[in-house]
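*Asks:*
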């Protein structure tokens, strides 16, 4: 539960700079070391949604309390390239040797200043070869991915509650 209205929660979730979390930066760095890829170049903070779109994710759903993004990729490669899939083609997308991924952010209003915030990620391989490669990758990579997801939730909660407290203070 987050002690802020859903609109505030979604705004903070969309604008959160994931790279501002030191452990997340460390996980990205470690993945590059393990995979032998190149480090991402420094960039100014843009916010979670803008960062994801900049990496190649497509915005599939954009509603006031719900955002869904999707892409195809080969996550087992050191320098993963995300390919956006338009919303009207996402369900039937089946290019070979790809993993189709969708992630969502959703804020459910429980009261005027109480919100339940959830995020979910779903991945499906487009063929058996991609599934086998993805499962090998997932065996070790899931630790970092799940950790990032676990770090994301309290960061969004703290940002939304801080913003809501400021807005209440200025309204008085």
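Numbering (the numbering used here), first residue to last: 4 to 175. Where a beta carbon is used, it is the ideal one built from N, C-alpha and C, also for glycine.
1) For residue 85, is the classification buried or exposed, using 16 other Cβ atoms within 10 angstroms of its Cβ as the cut-off for buried?
2) What would DSSP say about residue 52, mapped onto helix, strand or coil?
3) Going by C-alpha to C-alpha distance, which of 6, 11, 138, 109 sits closest to residue 100?
4) Could you give the distance in angstroms between the alpha-carbon of residue 83 and the alpha-carbon of residue 74?
5) For residue 98, is the classification buried or exposed, using 16 other Cβ atoms within 10 angstroms of its Cβ as the cut-off for buried?
6) Using DSSP bridges, identify the partner residues of residue 61.
7) Note down, in chain order, each residue of its chain lying with its Cβ closer than 6 Å to the Cβ of residue 33, except the 5 sequence neighbours on either side.
8) Take residue 125 as the anchor and find which of 143, 65, 103, 170 has the nearest alpha-carbon.
9) With residue 17 as the anchor, note down where its beta strand (DSSP E) starts and where it stops.
10) Hey, out of 88, 63, 123, whose CA is closest to residue 76's CA?
11) Taking Cβ to Cβ, would you say residue 6 is nearer than 8 Å to residue 167?
12) Just to confirm before moving on: does the CB-CB distance between residue 30 and residue 114 stay below 8 Å?
13) Under 8 Å between the Cβ atoms of residue 69 and residue 23?
14) Quick check: is the beta carbon of residue 137 nearer than 8 Å to any beta carbon in chain D?
15) Tell me which same chain residues have a C-beta within less than 8 Å of the C-beta of residue 153, skipping the five on either side of it?
16) Terminal residues of the continuous alpha helix (DSSP H) containing residue 2?
*Replies:* So, from the data block:
1) For the purposes of this step, residue 85 is identified with residue 82 of the chain shown, where counting begins at 1. By the neighbour-count rule (16 or more Cβ atoms within 10 Å), residue 85 is buried.
2) Here residue 52 is taken as the residue at index 49 of the chain shown, counted from 1. Note: residue 52 maps to helix in three-state DSSP.
3) Against the chain shown, residue 100 aligns to sequence position 97. Taking only the C-alpha atoms, the option nearest residue 100 is 138.
4) For the purposes of this step, residue 83 is identified with residue 80 of the chain shown, where counting begins at 1. For the purposes of this step, residue 74 is identified with residue 71 of the chain shown, where counting begins at 1. For residue 83 and residue 74, the distance between alpha carbons rounds to 11 Å.
5) The residue given as residue 98 occupies position 95 in the chain shown. Exposed, by the Cβ-count rule.
6) Residue numbering aside, residue 61 sits at position 58 when the chain shown is read from its first letter. Note: residue 61 sits in a beta bridge opposite 73.
7) Residue 33 sits at position 30 when you count from the first residue of the chain shown. Once the five neighbours on either side are set aside, residue 33 has no close Cβ partner at all.
8) Your numbering for residue 125 matches position 122 in the chain shown. Nearest option by C-alpha distance: 103.
9) Within the chain shown, residue 17 is the residue found at index 14, counting from 1. Taken as a continuous stretch (DSSP letters only), residue 17 belongs to no beta strand (DSSP E), being part of the alpha helix (DSSP H) at 9-18.
10) Taking the first residue of the chain shown as position 1, residue 76 is located at position 73. Of the listed residues, the one whose Cα sits closest to residue 76 is 88.
11) Reading the chain shown from its first residue, position 3 is the one you call residue 6. Reading the chain shown from its first residue, position 164 is the one you call residue 167. Yes, the pair counts as a contact, with Cβ atoms nearer than the cut-off.
12) Here residue 30 refers to the residue found at position 27 when the chain shown is read from its first residue. Here residue 114 refers to the residue found at position 111 when the chain shown is read from its first residue. No, Cβ-Cβ distance for residue 30 and residue 114 is not below 8 Å.
13) As a working mapping, residue 69 is identified with position 66 in the chain shown. As a working mapping, residue 23 is identified with position 20 in the chain shown. Taking 8 Å as the Cβ cut-off, residue 69 and residue 23 do not qualify as a contacting pair.
14) No chain D appears in the structure shown, which is made up of a single protein chain.
15) Locating residue 153 in the chain shown gives position 150, counting from the first residue. Here the set comprises nothing.
16) Residue 2 lies beyond the range of the chain shown here (4 to 175); nothing can be said about it.
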